[in-house]
Amino acid sequence: MKKAFINRASLIIATVSLLYGASCKRDLQIAEATISTLVTAEAPLYEGINTAVGIWEVHLNELFPDVDFTKVKIRSARFEEVILEFDPNTKVQNAKVEISGRNIDMQKIAFTNNIPPDESHIRLIVADDQKKIEKFLQLDRINVVADVDLAEDLDSDFSAIVKFKLIINY
Amino acid sequence: MKKLLSLVLGYVMTGIIVFAQESAEADRLIGVWEPSHGKARVKIEKIGDKYYGKIVWLREPIDPVTNQPKVDKNNPDESMRQVPLKGYRILKDFYYSGKDEWTDGTIYDPENGNTYSCVIKMRDENTLDIRGFIGVKALGRTDIWTRVAVKKKD
């Protein structure tokens, strides 16, 4: 009786291990892409926080031409780098970048404080905690929202390029 | 044929008018609002098809401990604890659901780093009920926000 039980238990364990091993057989692949989005805020703009918004049209096949998305699924995604570029004549003190999309909660992606007056190409501090980025990539379009703290009033429109380095696991 | 065309056009025009009216109704939320504690003012704006609110004024903008502008020191994500509170988006992802209500959003409390589900009900053009809750709406707390008249710079 005892022997039969041990044999049965061993068989179950062996079967489960085999199935688990089979599912893990294909290691996760990694791919990387850079996205640039133009964000704009209409004048007049005032000293303090102003919001510039842009649209990122998501075309995964163009971003990752070596990945066949009909055969694989994105398991996870995150932004590893965020850069903000703007007119050097515009004095921006702080900046923050968030993304939003339909039926997904807005995500804070990166920020920076105390931007030196002569800097206009800024690498932002990227959030450690990024939720559901892979869900955003299922959308057709993502709103890119840049909040910029202007040091002085601006009579002209503000625009900036937000560059993301995106890593996916599939 | 002409009758059918007129009928279709009529439906389309009605649809456009209804949509425009609802859009105008939803946009009444846009503006600057002050919570009951008076410590901050929040500007609500529309991004895409959702509504968001960010802090645009703080009664006490400087942290007495650091002597620096207040930051999000209680954020559960340590990497984001230096984000300035001025400009911080505390209301997020609200949709207009009709009948003076905006739902499916969240409100963030920088005092404790917690995010709550939230609904906004407009009592009148200058008064909002902001109700934050966890799980069940009945087990939440309502705060009354008042619209701030904003003077445009010359």
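Chains as they are written, first to last, in the working numbering: chain A, 1 to 170; chain B, 1001 to 1154. Quick reminder that beta carbons are idealized off the backbone N, C-alpha and C, glycines included.
First and last residue of the alpha helix (DSSP H) that includes residue i?
{"i": "residue 135 of chain A", "result": "133-136"}
{"i": "residue 61 of chain A", "result": "60-63"}
Whose C-alpha, out of the options, is nearest the C-alpha of residue i?
{"i": "residue 1048 of chain B", "options": "B:1036, B:1007, B:1064, B:1092", "result": "B:1092"}
{"i": "residue 983 of chain B", "options": "B:1099, B:1134, B:1020", "result": "Outside the shown range of chain B, which is 1001 to 1154, sits residue 983 of chain B, and nothing can be said about it."}
{"i": "residue 169 of chain A", "options": "A:33, A:97, A:110", "result": "A:33"}
{"i": "residue 1139 of chain B", "options": "B:1082, B:1125, B:1097, B:1116", "result": "B:1116"}
{"i": "residue 1025 of chain B", "options": "B:1102, B:1108, B:1136, B:1111", "result": "B:1102"}
{"i": "residue 40 of chain A", "options": "A:151, A:153, A:166, A:144", "result": "A:144"}
{"i": "residue 29 of chain A", "options": "A:72, A:165, A:147, A:151", "result": "A:72"}
{"i": "residue 87 of chain A", "options": "A:95, A:127, A:120", "result": "A:120"}
{"i": "residue 1090 of chain B", "options": "B:1011, B:1005, B:1004, B:1130", "result": "B:1130"}
{"i": "residue 155 of chain A", "options": "A:44, A:35, A:131", "result": "A:44"}
{"i": "residue 47 of chain A", "options": "A:83, A:147, A:134, A:124", "result": "A:147"}
{"i": "residue 1110 of chain B", "options": "B:1119, B:1142, B:1088, B:1078", "result": "B:1088"}
{"i": "residue 1144 of chain B", "options": "B:1042, B:1013, B:1018", "result": "B:1042"}
{"i": "residue 1063 of chain B", "options": "B:1071, B:1002, B:1027", "result": "B:1071"}
{"i": "residue 1028 of chain B", "options": "B:1008, B:1054, B:1099", "result": "B:1099"}
{"i": "residue 67 of chain A", "options": "A:167, A:98, A:31", "result": "A:31"}
{"i": "residue 122 of chain A", "options": "A:85, A:142, A:60", "result": "A:85"}
For a contact defined as C-beta to C-beta under 7 Å, what are the partners of residue i on chain B?
{"i": "residue 108 of chain A", "result": "1080"}
Which chain A residues sit within Cβ distance under 7 Å of residue i?
{"i": "residue 1084 of chain B", "result": "94, 113"}
{"i": "residue 1092 of chain B", "result": "105, 106"}
{"i": "residue 1077 of chain B", "result": "127, 128, 129"}
List, in order along the chain, the chain A residues whose C-beta lies closer than 8 Å to that of residue i?
{"i": "residue 1137 of chain B", "result": "Here the premise fails: no neighbours, minimum Cβ distance about 18 Å."}
{"i": "residue 1106 of chain B", "result": "105"}
Under 7 Å: does the beta carbon of residue i sit that close to some heavy atom of the ligand FAD?
{"i": "residue 1025 of chain B", "result": "You won't find the ligand FAD in this model; it holds no ligand whatsoever."}
Is it buried or exposed for residue i, if we count other Cβ within 10 angstroms and need 16 for buried?
{"i": "residue 1021 of chain B", "result": "exposed"}
{"i": "residue 25 of chain A", "result": "For residue 25 of chain A, the pLDDT reaches just 49, beneath the cut-off of 50, and the residue's location in the model is therefore unreliable, although a value from the coordinates is still provided. So residue 25 of chain A ends up on the exposed side."}
{"i": "residue 4 of chain A", "result": "exposed"}
{"i": "residue 1044 of chain B", "result": "buried"}
{"i": "residue 1084 of chain B", "result": "buried"}
{"i": "residue 1036 of chain B", "result": "exposed"}
{"i": "residue 80 of chain A", "result": "exposed"}
{"i": "residue 107 of chain A", "result": "buried"}
{"i": "residue 1149 of chain B", "result": "exposed"}
Output, in chain order, the set of chain D residues within a Cβ distance shorter than 8 Å of residue i.
{"i": "residue 49 of chain A", "result": "The structure shown contains no chain D; its protein chains are A and B."}
Can you name the residues of chain B whose CB is closer than 9 Å to the CB of residue i?
{"i": "residue 53 of chain A", "result": "1047, 1048"}
Strictly below 8 Å CB to CB, what residues from chain B border residue i?
{"i": "residue 76 of chain A", "result": "Near residue 76 of chain A there are no residues of chain B at all, since even the closest Cβ is about 17 Å away, more than 8 Å."}
{"i": "residue 172 of chain A", "result": "In the structure as shown, chain A starts at 1 and stops at 170, and residue 172 of chain A therefore has no counterpart that could be examined."}
For the beta strand (DSSP E) containing residue i, list its first residue and its last residue.
{"i": "residue 93 of chain A", "result": "92-101"}
{"i": "residue 169 of chain A", "result": "158-169"}
{"i": "residue 107 of chain A", "result": "104-112"}
{"i": "residue 1122 of chain B", "result": "1114-1124"}
{"i": "residue 51 of chain A", "result": "48-57"}
{"i": "residue 1109 of chain B", "result": "1101-1109"}
Practice item. Could you please tell me which residues of the segment 1040-1069 of chain B, in chain order, have their CB closer than 8 Å to any CB of chain A? Key: 1045, 1047, 1048, 1049, 1050, 1052, 1054, 1056
Exercise for review: Residues of the segment 116-138 of chain A with a CB closer than 7 Å to any CB of chain B: list them in chain order, please.
Suggested key: 125, 127, 128, 129
Check your understanding: Between the segment 144-168 of chain A and chain B, which residues of the former have a C-beta closer than 8 Å to a C-beta of the latter?
Key -> 145, 147, 149, 153
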